[in-house]
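So in full-length UniProt numbering, spot 32 of the sequence shown is number 32, and the numbers just go up one at a time.
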Amino acid sequence: MRRAALMGLLLLAPLGLRPALAADLSVAVTGVRGTQGAVRVDLYNGPAGFRHEDQAFKVLAVPARPGTVQVTFKGLAPGRYAVIAYHDENGNGRLDRFMGMIPTEGWGLSNDPEVLGPPGFDPSAFTLPPAGLSLRIPLHY
1 MRRAALMGLL LLAPLGLRPA LAADLSVAVT GVRGTQGAVR VDLYNGPAGF
51 RHEDQAFKVL AVPARPGTVQ VTFKGLAPGR YAVIAYHDEN GNGRLDRFMG
101 MIPTEGWGLS NDPEVLGPPG FDPSAFTLPP AGLSLRIPLH Y
């Protein structure tokens, strides 16, 4: 009997490894122009690597369609995050820039801060509460 109880606990143990608090982040990307490529939404959990697609904490992509597209990051730990969304029209997995600085594809940031140079993490950062959050990010072309 003791052995059966121990086996039951061992089988259920992995279920307890999920974060105690898991929040969902829904992102509505508005102002999408056209159907070419995808809309990518990059989630960053700190300033390190911000703006570098290959260093994003999580990435979701959906086919582009005019208007609004929606993505949801599920099961995130509550905390501080920032989002960069862009219309990857040519499907190369990155935001194309003229001379490495000026975006040539539609882009947007969480909090929609005024940008007069390379965007930083802090102006775009928000706190994800345990109950989850919905954001709206307009694209700028």
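Glycine included, C-beta positions come from ideal geometry on N, C-alpha and C.
Given the structure is predicted, the values throughout are model-derived calculations rather than measurements.
- Going by C-alpha positions, T127 is about 19 Å away from E114.
- Between V27 and V39, the C-beta gap is not smaller than 7 Å, which leaves the two residues out of contact.
- Annotation for P78: L21, A23, T127, L128, P129, P130 place their beta carbon closer than 8 Å to its own, counting only its chain and skipping 5 residues before and after.
- G106 is not bridged by DSSP to any residue.
- DSSP places F73 outside any alpha helix (DSSP H); the residue lies instead in the beta strand (DSSP E), whose first and last residues are 67-76.
- Restricting attention to F98, V69, W107, G67, the CA atom closest to the CA of V83 is found in W107.
- Here the alpha carbon of L76 sits roughly 34 Å from the alpha carbon of F98.
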